[in-house]
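Chains as they are written, first to last, in my numbering: chain E, 195 to 471; chain B, 5 to 302.
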Amino acid sequence: MRTSPAARVGQYAALLAYLVFLAFPLLWLLSTAFKPPRELASLHPTWIPIHPTLANFRQAFDEQPLLHAAFNSLLAALGAAVIAVALATPMAYVMARHRTRLARAATGWVVVSQAFPFVLVIIPLFLVLKNLRLIDSLPGLVMVYVVWALPFALWMLVGYVRAVPVELEEAAAIDGAGRLRTLVSVTAPLLAPGIVATALFAFITAWNEFFFALVLLKTPEKQTLPVILTHFIGAEGVADLGPLAAAAFLATLPSLVVFAVIQRRITGGMLAGAVKS
Amino acid sequence: MSGAGPPRGVAAPGAWFLVLPALIPILVLSVGPLLYGILLAFTDAQSGRTAATRWIGGLNFSDLLHDTLFWESFRIGLVWAVGVTLPQFLLGLGLALLLNQDLRLRWLARALALVPWAMPEVVVGLMWRLVYNPDAGILNETLRDLGLGEGRDWLSGLATALPAVIVVGVWAGLPQTTVTLLAGLQNTPRELHEAAAVDGAGAWRRFRTVTWPALKPIALAVTALNFIWNFNSFALVYVLTNGGPGGRTRLPMLFAYEEAFRYGQFGYAAAMGCVMVAVISVFLALFLAGRIRGGDDA
Numbered sequence: 195m196r197t198s199p200a201a202r203v204g205q206y207a208a209l210l211a212y213l214v215f216l217a218f219p220l221l222w223l224l225s226t227a228f229k230p231p232r233e234l235a236s237l238h239p240t241w242i243p244i245h246p247t248l249a250n251f252r253q254a255f256d257e258q259p260l261l262h263a264a265f266n267s268l269l270a271a272l273g274a275a276v277i278a279v280a281l282a283t284p285m286a287y288v289m290a291r292h293r294t295r296l297a298r299a300a301t302g303w304v305v306v307s308q309a310f311p312f313v314l315v316i317i318p319l320f321l322v323l324k325n326l327r328l329i330d331s332l333p334g335l336v337m338v339y340v341v342w343a344l345p346f347a348l349w350m351l352v353g354y355v356r357a358v359p360v361e362l363e364e365a366a367a368i369d370g371a372g373r374l375r376t377l378v379s380v381t382a383p384l385l386a387p388g389i390v391a392t393a394l395f396a397f398i399t400a401w402n403e404f405f406f407a408l409v410l411l412k413t414p415e416k417q418t419l420p421v422i423l424t425h426f427i428g429a430e431g432v433a434d435l436g437p438l439a440a441a442a443f444l445a446t447l448p449s450l451v452v453f454a455v456i457q458r459r460i461t462g463g464m465l466a467g468a469v470k471s
Numbered sequence: 005m006s007g008a009g010p011p012r013g014v015a016a017p018g019a020w021f022l023v024l025p026a027l028i029p030i031l032v033l034s035v036g037p038l039l040y041g042i043l044l045a046f047t048d049a050q051s052g053r054t055a056a057t058r059w060i061g062g063l064n065f066s067d068l069l070h071d072t073l074f075w076e077s078f079r080i081g082l083v084w085a086v087g088v089t090l091p092q093f094l095l096g097l098g099l100a101l102l103l104n105q106d107l108r109l110r111w112l113a114r115a116l117a118l119v120p121w122a123m124p125e126v127v128v129g130l131m132w133r134l135v136y137n138p139d140a141g142i143l144n145e146t147l148r149d150l151g152l153g154e155g156r157d158w159l160s161g162l163a164t165a166l167p168a169v170i171v172v173g174v175w176a177g178l179p180q181t182t183v184t185l186l187a188g189l190q191n192t193p194r195e196l197h198e199a200a201a202v203d204g205a206g207a208w209r210r211f212r213t214v215t216w217p218a219l220k221p222i223a224l225a226v227t228a229l230n231f232i233w234n235f236n237s238f239a240l241v242y243v244l245t246n247g248g249p250g251g252r253t254r255l256p257m258l259f260a261y262e263e264a265f266r267y268g269q270f271g272y273a274a275a276m277g278c279v280m281v282a283v284i285s286v287f288l289a290l291f292l293a294g295r296i297r298g299g300d301d302a
């Protein structure tokens with residue numbers, strides 16, 4: 195289809211505005227992370243650090259237990275991702291292949307669970323976990339993350355299962371393969387990329403999660419990275435800008451890498467769930 | 005979609021065995037706590053003395069009815085949710101249509117869009133605090149350079165705080181909306197567009213008759229979810245302003261969080277949660293009714 199030159203100019207102007215809007219705060223974060231204190235205190239800040247330095251990164255690690263917090267986040271996110279997907283995959287299979295009342299109820303729950311304000315769930319969970327002595331512990335947090343990750347894991351996986359042609363399973367059955375055999379040797383390999391994408395997505399959301407971690411984890415040695423990051427904001431709201439920027443930049447890198455790998459599959463999976471449910 | 009035929013794939017008897025591993029945690033740790041939470045809303049439960057909790061009927065709700073601070077926070081929540089969701093949808097749709105064209109810098113827009121999506125909300129909040137910083141921030145410096153005045157302390161100003169956090173909300177959610185709508189656009193067959201163009205349909209007519217009908221179910225689902233997520237959001241504003249100044253950005257979730265975990269009023273906070281769920285459910289029901297009446301979804 196042809197586009198008039200005037201329309202082209204308008205299109206590029208809009209694209210440029212979008213790029214500037216997206217990049218503006220990101221570039222500023224980077225710039226701040228590499229600035230020495232004197233430039234940070236300047237009343238006329240510059241875009242590019244005149245004397246770039248890594249001192250902010252060193253200071254960030256000195257001020258807060260960033261490595262330890264990252265390790266906590268890693269454990270919580272890995273645990274949540276692996277358990278959630280292991281639990282969700284069989285159920286998603288049933289939901290995708292059978293139009294039973296159970297499957298419909300589960301789909302309804304997936305949709306409704308998106309509408310809960312977390313506060314209504316976290317108060318009773320807080321009481322339950324307290325009785326189980328799982329407050330201020332990573333296993334307690336992982337339990338919460340698993341349940342919280344289940345809806346979208348089901349949502350995505352149902353889409354991936356539907357993308358596996360049922361005819362392949364029927365053909366295997368005709369060839370005499372049992373139910374389990376069909377699942378393991380026909381369905382599972384085709385489903386594997388979707389399962390990995392779902393697990394990685396669960397990993398990122400747990401890595402980034404803040405509210406549950408804030409409520410459940412009290413001692414600094416147990417806290418995850420997002421909670422530790424908020425300690426860079428001082429009591430009066432005054433922050434040490436350089437180390438704050440450095441730590442914030444580092445905290446984003448893992449999810450950014452994972453996300454870049456799976457982005458296409460996520461969009462596809464969520465769309466499949468949204469359109470076909 | 006295929007019609008309702010006999011169950012296909014692996015036969016049904018094994019289904020329960022496959023469903024239980026997920027069903028049990030869902031019932032024990034999600035549905036159960038939700039019901040428990042609704043029960044708590046009718047009690048005077050407090051964090052310190054859960055043992056002596058008493059049933060107090062609708063007292064929390066009648067207190068809530070007269071709690072002007074809560075309704076103020078509810079109003080702020082709605083302004084925030086609409087203020088973020090509407091631009092997310094309108095700009096997202098425009099950008100999706102734009103990125104669906106053959107443009108040179110398209111790849112860059114797509115690559116950059118990943119960043120806000122993948123960033124922890126806490127980091128987004130911290131980053132924008134750097135941008136909004138009244139002295140060392142780049143926003144005021146840019147405004148000065150452009151000759152647009154001296155700039156101000158955006159996040160601390162009574163009038164500017166809510167708009168300032170709304171901008172951050174839009175920034176954080178726009179790429180996800182755009183990319184999802186773009187994926188939806190790419191599911192519509194190109195041939196339909198070309199056929200319509202051959203028939204002499206202009207851009208607007210093609211959008212109305214070909215693009216929008218195909219995109220509508222996805223657009224509605226995305227917008228409904230965005231609205232709910234935005235209304236229930238917490239981390240971003242907690243980091244940016246912690247509800248200040250003077251409660252001007254205190255979203256309902258921040259209010260309920262303080263009530264529950266700073267003042268220990270579990271019962272009262274649970275009642276707030278119930279009111280939030282009720283309002284969202286009404287919204288969702290109206291929305292879904294409209295979607296079904298539209299009749300374009302299987």
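Ideal Cβ placement from N, Cα and C applies to all residues, glycine included.
As summarised for the stretch 261 to 315 of chain E, the continuous alpha helix (DSSP H) elements at least 4 residues long and confined to that stretch are 295 to 307, given in chain order. Residue 211 of chain B and residue 187 of chain B have their C-alpha atoms spaced approximately 16 angstroms apart.
A direct Cα-Cα distance of roughly 6 angstroms separates residue 30 of chain B from residue 341 of chain E. Using a CB distance cut-off of 8 angstroms, residue 170 of chain B does not count as an interface residue toward chain E. Between residue 319 of chain E and residue 270 of chain E, the C-beta spacing is not below 8 angstroms. Contact with chain E is absent for residue 234 of chain B, since none of that chain's Cβ atoms lies less than 8 angstroms from the residue's Cβ. Counting only runs of 3 or more residues that sit fully inside the stretch 409 to 438 of chain E, no beta strand (DSSP E) segment turns up.
Check the Cα spacing between residue 407 of chain E and each of E/316, E/449 and E/374: the tightest is with E/316.
Taking C-beta atoms as the reference points, residue 25 of chain B and residue 281 of chain E count as a pair closer than 8 angstroms. Residues of chain B with a Cβ closer than 9 angstroms to the Cβ of residue 339 of chain E do not exist, since the nearest Cβ in that chain sits about 11 angstroms away. Per the coordinates, the alpha-carbon of residue 398 of chain E lies some 8 angstroms from the alpha-carbon of residue 122 of chain B.
Taking CB atoms only, residue 414 of chain E has no neighbour in chain B less than 8 angstroms away. At least one beta carbon of chain B lies nearer than 8 angstroms to the beta carbon of residue 292 of chain E. For residue 77 of chain B, no chain E residue has a C-beta closer than 7 angstroms to its own C-beta; the minimum C-beta separation is roughly 12 angstroms. Looking at the backbone, the Cα of residue 79 of chain B and that of residue 161 of chain B are separated by about 19 angstroms.
Between the stretch 217 to 232 of chain E and the stretch 437 to 452 of chain E, the count of Cβ pairs shorter than 8 angstroms is three or higher; the stretches touch. By the Cβ rule, the stretch 209 to 228 of chain B counts as touching the stretch 187 to 200 of chain B, because three or more pairs are nearer than 8 angstroms. Nearest in C-alpha terms to residue 266 of chain B, of all of B/44, B/233, B/52 and B/42, is B/52.
Within the model, the alpha-carbon separation for residue 190 of chain B versus residue 226 of chain B is close to 16 angstroms.
Below the 7 angstroms Cβ cutoff, chain B contributes 126 and 243 as neighbours of residue 424 of chain E, in chain order. A distance below 8 angstroms separates the beta carbons of residue 68 of chain B and residue 276 of chain B. The Cβ atoms of residue 60 of chain B and residue 71 of chain B do not sit closer than 8 angstroms to each other. Taking 8 angstroms as the threshold, the shortest C-beta distance from residue 214 of chain E to chain B does not fall below it.
Distances from the alpha-carbon of residue 380 of chain E to those of E/211, E/360 and E/245 put E/360 closest. Of all residues in the stretch 294 to 310 of chain E, only 294, 296, 297, 300, 303, 305, 306, 307, 308, 309 and 310 place a beta-carbon less than 9 angstroms from a beta-carbon of chain B.
Taking a beta-carbon distance threshold of 8 angstroms, residue 230 of chain B does not count as an interface residue toward chain E.
Annotation: the continuous alpha helix (DSSP H) that includes residue 200 of chain E extends over 199 to 227. Counting only the Cα atoms, residue 101 of chain B lies some 13 angstroms from residue 197 of chain E.
Three or more pairs of CB atoms, one per stretch, sit closer than 8 angstroms, so the stretch 352 to 369 of chain E contacts the stretch 377 to 391 of chain E. Under the Cβ distance rule, residue 287 of chain E counts among the residues neighbouring chain B, one pair being separated by less than 8 angstroms. For residue 457 of chain E, the closest Cβ of chain B is nearer than 8 angstroms.
Residues of the stretch 392 to 417 of chain E with a C-beta atom less than 9 angstroms from some C-beta of chain B are 398, 401, 402, 403, 404, 405, 408 and 409, listed in chain order. Within the DSSP bridge table, the entry for residue 59 of chain B names B/47 as partners.
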